[in-house]
Every structure is written in C-alpha cells, then in structure tokens.
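Order-wise, the sequence lines are chains A and B. Add 813 to the 1-based position in the first sequence for our numbering, that's all there is to it. Add 1481 to the 1-based position in the second sequence for our numbering, that's all there is to it. Right, one structure below, let's go through it.
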Amino acid sequence: MELIWDGLVKAIIELVTLDPGITEVALLTLQVSGAATLISVLIGIPLGSVLALSQFPGRNFLVSISNFGMGLPPVVVGLWVSIFLWRSGPLGFLNIIYTPYAMIIAQAVIASPIVISFTLAVIQQINPQLRLQLTALGANRTQMVWTLLKETKLGLLAAVMAGFGGVISEVGASMMVGGNIKGMTRVFTTATVMEVSKGNFDIAIALSILLMLLAYSVTAILTAIQQGRNIR
Amino acid sequence: MSKVIEIIDLKLVLQGKTILKIPYFSLDREESICLTGPNGAGKSTLLSVMATLQEPTAGTVSLFGKNVKDQPLLELRRRMAVVFQKPMMFDLTVIENLELGLKYRRLKRKEKETRIYPWLEKMKLTHLTKRRARSLSGGEAQRVALAQALILEPEIIFLDEPFANLDKEMRQGLIDEIGKTLKAKKITTVMVTHHKKEAAAIADSIYLMEDGEIVDREFLAFQNNPG
Ligand SMILES: Nc1ncnc2c1ncn2[C@@H]1O[C@H](COP(=O)(O)OP(=O)(O)OP(=O)(O)O)[C@@H](O)[C@H]1O
Ligand SMILES: [Mg+2]
C-alpha cells in the first residue's frame, strides 16, 4: 500500500514540478507514438479502403494477413526491424538503429495492421445501398471513397485510437530498436521496465501513472472529436 | 426517332434464379413509361440494369444509342438520375445530401444554389435544410431523394415508387409538379408504380411485369393529351 502511495506522490510531484527528465520522456513518448500512429493512418486508411471496396485475386489473403498482423507481438516486430536496421542489415546504411526513428518504424509496423483492419471492417459494414446511391449520383472512385470515409468517421477515429493505444503501450519493440537510451530513446514504457528491474518500484509506479494520464489525454481528445458532432 | 434506351435479349441470373428475361425493350427520346406488376416481378432490378448499376448476365443494354459497354460508365451515369425504392440518406444535413450529385459534377457554388433552391420550395423542404438527414421521416426522406435526383437535371430519370411514403395530399401536389417538370425539361422517365393515377400523370404507357418478363403494355396517350 505504501508503495502505491509513494508512487502516487512521486507522480504528482513530478507532474507539478514539471521534472525535466520526465518531461523529456513524456515528450518523446508522445512524438514517437504520435508519428507512428500518423504513419499507420496514412498507410492504413487508404489500404483498408481499397481492400474494402475492391475485388481482386489475393484480396482475401491480404485481409487475413492484416487481421493476423493486428496481433503481432511487439517483440517479434522489434526483432525483425532490428535485423533490418543493424549496421550489417539491408537497411543498415540508414544508420538509425537506437534512434527515435527506428522506434517510429517499429511502432508503425505494429499499428498499421490495426488501422487497416479496422478501416476495412468499418467500410465493409456500410450499407451496400449507400454505395449504390453514390454510384448512381455520379461519384468517381475518389469521390466515393471520400464520402464513405466521412460517413464512417466514428469508426475511423476508433481505428486511430486503437492504433495509438497499441503503440503507446508497447515496450518490446521500443526496447529492442531504441535501446532505452537516456535523453534519446527513453519512453515511458521502457523507463518503467528499467526502474522495475532496478527495484525502484515507486518511480516505476509514478511512470506508469503518468503514461496512463498521457494515453488517456490523447484518447479523450480523439473521443471528443468523435462524439462532438454526433450529439444532435 | 432515336432510342434512348434499348435492351436486346437481356437475361439476369442471380444465385441460380432467373430474375429478368427481356427479349426486347426500347424507349424513345422524351418518351416516358411506367412499370407495374406484383412484388418480386423484377421492376426494381430492371431499373438497376437500365441505370448501369447492375450488370446483366447476358444481352445488351444500349443507352443514348450505344452499347453501355462501349461507353465510359461514369459519364453515362452523370446523364441519369435514380430515385431508389428505399431512400438512402448520408449522415449529413439535408442540404449536404442534396448537394452531393452536384458536388461530384464540380458545379460552382452559385450554380448549385440556383439548382437546389427551387426544388426546396417545390418539395416543401425549406424548413428542413439544416436537419440531419437520418432523422427525417419516411416521407420527408423520399422528398429529399426526389429533389436530389431532379436537381441533377438528368436526361433520363428512374423513379422507383417515389411517392409510396407520401400522404395523399402531398402525393397529389408533387405528382403534378414533377409531371410538369419532366415534360417541360423533356426528361425521359421510367417510373415504377402500382397506381394508375400516378402513371397517368407521368407516362405515355404502362408496362406490366411478371416473373422477370414484360407481359403486357397499355397506352395512356389519350389521358395524357386531352385536346
Ligand atoms: N441480389 C439478389 N440475389 C438474389 N435474388 C435477388 C437479388 N436481388 C433481387 N432478387 C430477387 O429478384 C426478384 C425481383 O426483385 P425486385 O426487387 O426487382 O422486385 P420488384 O418488382 O421491384 O418488387 P417490389 O414490388 O416488391 O419492389 C425478387 O424475387 C428478389 O428476391
Ligand atoms: Mg421494387
């Protein structure tokens, strides 16, 4: 009990005093997971839409791959991204292993299947009559997709939240490709793991509380956007 | 006279069942007809085929004198308009729903307004423009769907029981209004209806459908041109 209390007090102190070490970690967490989510949205929404709206050989296979990808263990992603980014690896020349960029790549790999599969599901469950209506109204392909995306923005924001939730909470990949380097690749989850291994449970608890606060704030903003226009 | 719609040896099979079987059907420019017949006869499906929304299993459909397979579908569709049996509204306001077709055709704002405005009045929708379209009553939604199609100023219009949800008074007013417009603008019309009175206000003849086939045709020319 005392431990939790100590953790809470530490969290509040760090929050109120804007502890520079913690601010740095919070900012990096937000930047890395935010960028990764953005990339996964840029990849996932168009890809999910295409998969939902077209029929071609191999489509079902791609859909099953994406659905499978939603459950990819972050450690596995971390390992494979590392292999590619190691100095001797095929993308070693980029020289970005143990940098935030490597973490963004790994997290984008984790979040993309989530966004793709959510988008696909959301668009596919639109009443086919609505699609027919758009065709009859003379919408070209882009216009059709755009109108359907607007129609499903509730579901799409859920996709974004799921993607963000998936990456801000993962630790395996960030640890492996980032290395938890202080002031450079240390994010909330990797810092928490480290403090636990050092036996600093109060700090770990403080970190976990701050991580949840951060994740909640972002989700709350997205929820406000999602629900805002739907009240009437 | 030039044929606007021509169907030859049309057959549509869905899930092993023959839904449509039409050896020949044609419609001249500015001609207007109604389709009638029992539930499940294939009226709505025939409309979809003519509007290029459903591809037939066999046979040819020609629009504006040319096989639809030899024409860009998008441009074809932009010369036509469809009012579906079940009006479909997007999760937008009424006015945004009305604009959709015009937006896709990239009309200027001013132009959109001048097209939409008169139909708001005629369809008694002026007080509803800012409402979420999903919250409309059945009759209101149907009027939006009608306006949405008419503001496109199509060359062909397909109407699938467009007055079914309207009360008697509204129905009578709108039928006359729309009948006049279709004639004045010389819009070729295919309308599904079960009511002879509706048919008389719009069409030159009625085709009777049964089990996917056209089995009879009745001319209404005399009622239509009194004097
Ligand atoms: N996708 C489909 N698959 C299988 N059968 C279908 C499909 N679409 C329509 N049908 C069948 O085709 C037949 C004709 O349907 P259609 O909707 O054209 O009838 P309708 O004449 O418009 O009837 P109503 O007066 O009830 O509107 C019906 O038996 C229907 O069940
Ligand atoms: Mg029907």
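The beta-carbon is built from N, C-alpha and C at its ideal position, and this holds for glycine as well. These figures come from a predicted structure and were not determined experimentally.
Does the beta-carbon of Leu816(A) have 16 or more other beta-carbons within 10 angstroms, so that it is buried, or is it exposed? Residue environment for Leu816(A): exposed (fewer than 16 other C-beta atoms within 10 angstroms of its C-beta).
Alpha carbon of Thr1005(A) to alpha carbon of Ser853(A), nearest angstrom: The C-alpha of Thr1005(A) lies about 25 Å from the C-alpha of Ser853(A).
DSSP state of Gly833(A) mapped onto helix, strand, coil: Reading off the sequence, residue 833(A) comes out as Pro, not Gly. Of the three classes helix, strand and coil, the one that applies to Pro833(A) here is helix, per DSSP.
Comparing alpha-carbon positions, which option in Phe1639(B), Ala1682(B), Gln1629(B), Thr1670(B) lies nearest Gly1654(B)? Just measuring C-alpha positions, the residue of Phe1639(B), Ala1682(B), Gln1629(B), Thr1670(B) sitting nearest Gly1654(B) is Ala1682(B).
Measuring CA to CA, which of Met957(A), Ser987(A), Ile994(A), Ser925(A) is closest to Phe977(A)? Ser925(A)
Whose C-alpha, out of Lys1484(B), Val1485(B), Gly1518(B), Leu1508(B), is nearest the C-alpha of Asp1697(B)? The residue with the shortest Cα to Cα distance from Asp1697(B) is Gly1518(B).
According to DSSP, is Glu1511(B) part of a helix, a strand, or is it coil? coil
Please classify Arg1652(B): does DSSP put it in a helix, a strand, or coil? helix
The stretch 948-962 of chain A: which residues have C-beta closer than 8 Å to a C-beta of chain B, in chain order? Thr948, Ala949, Leu950, Gly951, Ala952, Asn953, Gln956, Thr960
For Thr1036(A), write down the residues that DSSP places opposite it in a beta bridge. According to DSSP, which records beta bridges pairwise, Thr1036(A) is partnered with nothing at all.
Ordered along the chain, which non-local residues of its own chain (more than five positions away) have a Cβ less than 6 Å from that of Ser1529(B)? Gln1535
Could you give the distance in angstroms between the alpha-carbon of Gly1693(B) and the alpha-carbon of Thr1499(B)? Those two C-alpha atoms are separated by around 7 Å.
Pull up the CB-CB distance for Ile1637(B) and Thr1669(B), whole angstroms please, since I reckon it's below 8 Å. 5 Å
For ligand 1, residues whose Cβ lies under 5 Å from any non-hydrogen atom: Leu1495(B), Gln1496(B), Ile1500(B), Asn1520(B), Gly1521(B), Ala1522(B), Gly1523(B), Lys1524(B), Ser1525(B), Thr1526(B)
So with CB distances below 7 Å, who are the chain B contacts of Gln1040(A)? Chain B residues near Gln1040(A): none, gap ~14 Å exceeds 7 Å.
Cβ shell of Ile1632(B) (< 6 Å), same chain only, five flanking positions each side left out: Arg1596, Ile1597, Trp1600
Ligand 2 heavy atoms versus the CB of Gln1535(B): any closer than 7 Å? no
Within the chosen definition, does the stretch 1565-1580 of chain B reach the stretch 1603-1617 of chain B through at least 3 CB pairs nearer than 8 Å? yes
Is it buried or exposed for Asp1657(B), if we count other Cβ within 10 angstroms and need 16 for buried? exposed
Cβ of Gln942(A) versus every heavy atom of ligand 2: is any distance shorter than 7 Å? No, Cβ of Gln942(A) sits at least 7 Å from all heavy atoms of ligand 2.
For Tyr1505(B), which beta-bridge partners are listed by DSSP? Ile1489(B)
Using a beta-carbon distance cut-off of less than 7 Å, what residues from the stretch 862-875 of chain A approach chain B? none
Give a yes or no on whether the minimum CB-CB distance between Leu970(A) and chain B is below 8 Å. no
Alpha-carbon to alpha-carbon, Ala1037(A) and Val894(A): 34 Å
Cβ of Gln1039(A) within 7 Å of any heavy atom in ligand 2? No, ligand 2 has no heavy atom inside 7 Å of this Cβ.
Determine, using beta-carbon pairs with one atom in the stretch 910-917 of chain A and one in the stretch 985-1005 of chain A, whether at least three such pairs fall under 8 Å. Pairwise C-beta distances place the stretch 910-917 of chain A in contact with the stretch 985-1005 of chain A, as three or more of them are shorter than 8 Å.
Under 7 Å Cβ-Cβ, which residues of chain B neighbour Gln946(A)? Ordered by position in chain B, the residues that pass the 7 Å Cβ test against Gln946(A) are Phe1565, Met1569.
Any idea what DSSP makes of Tyr911(A), helix, strand or coil? coil
What did DSSP end up calling Leu1534(B) once you bin it into helix, strand or coil? coil
Interface residues of the stretch 927-942 of chain A facing chain B [CB-CB below 8 Å]: Asn940, Gln942
Is Val928(A) near ligand 2, in the sense that its beta carbon is under 7 Å from a heavy atom of that ligand? no
Amino acids of chain B, ordered along the chain, whose beta-carbon sits closer than 9 Å to that of Glu964(A): The contacting residues are Phe1571, Asp1572, Leu1573.
Between Lys1605(B), Ala1645(B), Val1671(B), Val1564(B), which lies nearest to Ser1513(B) when the distance is taken from Cα to Cα? Val1671(B)
When every heavy atom of ligand 2 is checked, does at least one fall within less than 7 Å of the C-beta of Ala1673(B)? Here residue 1673(B) is Val; the residue named in the question, Ala, does not match the sequence. Yes, Cβ of Val1673(B) sits closer than 7 Å to a heavy atom of ligand 2.
Just mark Ser862(A) as buried or exposed, buried being the case when its beta carbon has 16 or more other beta carbons within 10 Å. Buried is the call here.
Looking only at DSSP bridge pairs, what is Ser1543(B) linked to? Glu1487(B), Asn1548(B)
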